[in-house]
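*Asks:* Please see the structure below; I have some questions.
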Amino acid sequence: MAHKEKLTFDSGVFEALLLKSNYDFSEILKNIAFLKSYKKDGHITTDDINQAIPKTLQDNIFDLTQFVLNGKIDEARELIRDLRLQGEDEIKLIAIMLGQFRMFLQVSILASQGKNEQQTVTALSDYLGRRVNPYQVKFALRDSRTLSMPFLKKALAVLIETDYAIKTGTYDKAYLFDIAILKIAHEHH
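Written out as structure tokens, the structure reads:
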């Protein structure tokens, strides 16, 4: 489709488009059509993808996780505030972060067993009963390399406990989510 539309991509940029489109075919088509009108010469760079295609909630949660892992608490809080203003709820943010940390832990376990990227995709697909996207595994492997299994388990526990505390009304959900972010950042550093 991109070739038919006379679009060319720098190395790795088409993969970024797939990721930004959440691997959804209709979303990919929509973004390709948008990029064609955005970039008249047809040559697409990483900057074009980042500037022209709006961030998805998944992108924002990825950024949030990176801020937390890198100890950038102010940036994490600012992003959480922006997401709240967009109507996102802490329970939803926790659920997506849980999925991200769970994927990090699963690929770390499989990598420690000597599984390569393709074997990891196959094993996770079998385990989950659905086809796991190879790009998600690729990025999870890359992003989880510096994360220890004890840290990942602790981060999952913190998020699960926070989710439970919010749902049982123990404290204000914004407060509890902020504490969870601080705990995860502290554990990592």
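The sequence shown finishes on residue 1626 if you use my numbering, and the numbering steps up by one all the way, no holes. Heads up, the beta-carbon is just placed ideally off N, CA and C, and yes, glycines get one too. Keep in mind it's a predicted model, so treat the numbers as computed, not measured.
Quick check on GLU1515: buried or exposed, where buried means 16 or more other Cβ atoms within 10 Å of its Cβ?
*Replies:* exposed
*Asks:* Spatial neighbours of THR1599 within its chain, please: C-beta separation below 7 Å, excluding the five flanking residues on both sides.
*Replies:* Annotation for THR1599: ILE1531, LEU1613, PHE1614, ALA1617 place their beta carbon closer than 7 Å to its own, counting only its chain and skipping 5 residues before and after.
*Asks:* What are the complete alpha helix (DSSP H) segments, minimum 4 residues, inside the segment 1501-1577?
*Replies:* 1510-1522, 1527-1549, 1554-1565
*Asks:* Label LEU1547 either buried or exposed according to how many other C-beta atoms from any shown protein chain fall within 10 Å of its C-beta, with 16 as the threshold for buried.
*Replies:* buried
*Asks:* Can you have a look at ASN1468 and say buried or exposed, based on whether 16 or more other CB atoms are within 10 angstroms of its CB?
*Replies:* buried
*Asks:* The alpha helix (DSSP H) that contains ASP1615, what's its start and end?
*Replies:* ASP1615 -> alpha helix (DSSP H) spans 1610-1625.
*Asks:* Just to check, is the beta-carbon of GLY1606 closer than 7 Å to a non-hydrogen atom of the ligand PLP?
*Replies:* Absent from the structure shown: the ligand PLP. Ligands present: none.
*Asks:* With a Cβ-Cβ cutoff of 8 Å, do LEU1577 and MET1540 count as a contact?
*Replies:* Residue 1577 is actually Ala in this sequence, not Leu. In contact: ALA1577 and MET1540 (Cβ atoms closer than 8 Å).
*Asks:* In whole angstroms, what is the alpha-carbon distance linking ASP1563 and VAL1544?
*Replies:* 14 Å
*Asks:* Any idea what DSSP makes of ILE1498, helix, strand or coil?
*Replies:* helix
*Asks:* Do you know how far the Cα of LYS1620 is from the Cα of GLN1550?
*Replies:* 29 Å
*Asks:* Given 8 Å as the limit, is there contact between the segment 1478-1498 and the segment 1441-1451, that is, 3 or more CB pairs closer than that?
*Replies:* yes
*Asks:* Report buried or exposed for THR1557, applying the criterion of at least 16 other Cβ atoms within 10 angstroms of its Cβ.
*Replies:* It is buried - the Cβ of THR1557 has at least 16 other Cβ atoms within 10 Å.
*Asks:* Keeping to the same chain, check which residues put their C-beta closer than 7 Å to that of LEU1593; ignore five residues upstream and five downstream.
*Replies:* LEU1535, PHE1538, ARG1539, LEU1542
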